[in-house]
Amino acid sequence: MLDHEALERMIDDDVGLVAMTWVPTNGGLVNPAQEVGNIARKHGVPYLLDACQAAGQMPIDVKALGCDFLSATGRKFLRGPRGTGFLFVAERWLEDLEPVTIDHFAAPWTARDQYTLRDDARRFETWENSYALRMGLGAAVDYADRIGIHVIEQRVRALAARCREKLSRLDRVIVRDLGEEPCGIVSFSADGVEPKTICAKLSDSGYVIGASATASTRLDSERRALPTLLRISPHYYNSEQEVDAAVDQIEALLS
Ligand SMILES: Cc1ncc(COP(=O)(O)O)c(C=O)c1O
658 MLDHEALERM IDDDVGLVAM TWVPTNGGLV NPAQEVGNIA RKHGVPYLLD ACQAAGQMPI
718 DVKALGCDFL SATGRKFLRG PRGTGFLFVA ERWLEDLEPV TIDHFAAPWT ARDQYTLRDD
778 ARRFETWENS YALRMGLGAA VDYADRIGIH VIEQRVRALA ARCREKLSRL DRVIVRDLGE
838 EPCGIVSFSA DGVEPKTICA KLSDSGYVIG ASATASTRLD SERRALPTLL RISPHYYNSE
898 QEVDAAVDQI EALLS
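In terms of the working numbering, the sequence shown opens at residue 658 and continues consecutively.
Rendered as structure tokens:
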């Protein structure tokens, strides 16, 4: 877990941005996003938060987090279409940020030799985009709102805790999660059977689980000398029985 006291000691005049991943790809970790936001604010340093794995599994309140920028994807816990995502930019930054690519939507052609960037967040958008995917993203957000993000968070964490507890009882499994209140991502290694084989066998029975190798999580993987990790991410629609059955199947494969 990120040590926010250590972060504060590192901040000096050279720091131009604090950028953090709130919930990393694996490790179950939820980094202290709000504490980091407090430090960034106190020192007047802009704060970019990657909320890709957080969006859809826990509440996001950009004001409380104190972030200036927050990026997220639609395709993970939000259950939206692949290829969608969103960026939050605090209004006070709009004037200072020039998008990487602009077209006549983001920057109307206001005179022969002049363009004028839009003064709203849509300066980060382009004229051409997939309306179907955007509608899908909107529908996914509405769906999550109808269920209630607090209810989702509770349910996801309860199923993940059950999964961790069951996995930790298996002889050839090590649960690799970190942090005080792990989220809905359950990461573990299993001895004796290739992760790919475990994923394939579970998929045959209708359980989709993931595997992440060092290339996806290099810093954490090298620091903790991790093998390729397996990842179970239960969502609210999963049942306790499904979680139990998936873990039972892993146990059977390892024995
Ligand atoms: C923490 C984190 N940030 C960002 C991403 C990138 O997401 P996308 O490929 O949808 O942009 C991922 C993908 O796994 C992720 O785990």
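All residues carry an ideal CB built from backbone N, CA and C; glycine is no exception.
Bear in mind the structure is a predicted one, so any value in this text is a computation, not a measurement.
Cβ neighbour criterion (16 or more within 10 Å) applied to residue i
i	result
residue 715	buried
residue 773	exposed
residue 754	exposed
residue 693	buried
residue 757	exposed
residue 786	exposed
residue 682	buried
residue 733	buried
Beta-carbon proximity list for residue i, same chain, < 7 Å, skipping 5 on both sides
i	result
residue 790	738, 740, 741
residue 916	This structure leaves residue 916 out entirely; the chain is present only between 658 and 912.
residue 829	847, 848, 849, 911
residue 721	691
residue 891	813, 816, 817, 820, 841, 900
Backbone CA spacing between residue i and residue j [nearest angstrom]
i	j	result
residue 901	residue 824	9 Å
residue 764	residue 779	10 Å
residue 839	residue 690	14 Å
residue 843	residue 775	42 Å
residue 820	residue 870	21 Å
residue 731	residue 725	20 Å
residue 777	residue 885	43 Å
residue 914	residue 748	Examination of residue 914 is not possible in this model, given that the chain is present from 658 through 912 alone.
residue 836	residue 676	19 Å
Cutoff 6 Å; reference residue i; Cβ partners in own chain excluding five residues on either side
i	result
residue 711	679, 680
Are three or more beta carbon pairs between the stretch 760-771 and the stretch 702-709 nearer than 8 Å? Between the stretch 760-771 and the stretch 702-709, the count of C-beta pairs closer than 8 Å stays below three; the two stretches do not touch.
Just jot down, in chain order, the residues whose CB lies closer than 6 Å to any heavy atom of ligand 1. Taking a cut-off of 6 Å from the heavy atoms of ligand 1, the residues with a C-beta inside it are 678, 681, 682, 707, 709, 710, 730, 732, 742.
Examine the Cβ distances between the stretch 872-887 and the stretch 791-803 and report whether three or more of them are shorter than 8 Å. no
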